[in-house]
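>
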Amino acid sequence: MESLIKTINPLKTWKICCFSMSEIEQYVEIMQIIDEFMKTVHWTFVQ
Numbered sequence: 011m012e013s014l015i016k017t018i019n020p021l022k023t024w025k026i027c028c029f030s031m032s033e034i035e036q037y038v039e040i041m042q043i044i045d046e047f048m049k050t051v052h053w054t055f056v057q
């Protein structure tokens with residue numbers, strides 16, 4: 011079981027390295043959208 015985990019972990023890391031840039035960009039975009047949305051909602055409730 012442990013050896014399987016040792017095999018999978020580098021694969022996960024490798025995958026993260028390969029896909030990190032595009033996924034991080036998507037994540038940042040989503041966070042910005044959520045941030046804008048929250049501001050809008052906040053102002054709506056404040057007024």
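In this note's numbering, the protein residues as written are 11 to 57.
Each residue gets a CB set at the ideal place from its N, CA and C atoms; glycine is no exception.
Cα separation between Phe47 and Tyr37?
If I take the Cα positions, the gap works out to 15 Å.
> Is Ser32 near the ligand FMN, judged by its Cβ being under 7 Å from some heavy atom?
In the structure shown, the ligand FMN is absent, as is every other ligand, since no ligand is present at all.
> So, for Glu34: in the same chain, excluding its five sequence neighbours on each side, which residues have a beta-carbon less than 8 Å away from its beta-carbon?
The sequence shown places Ile at residue 34, not Glu. Hits under 8 Å: none found.
> Taking the alpha-carbon positions, what's the Val51 to Ser32 distance?
Their Cα atoms are separated by approximately 28 Å.
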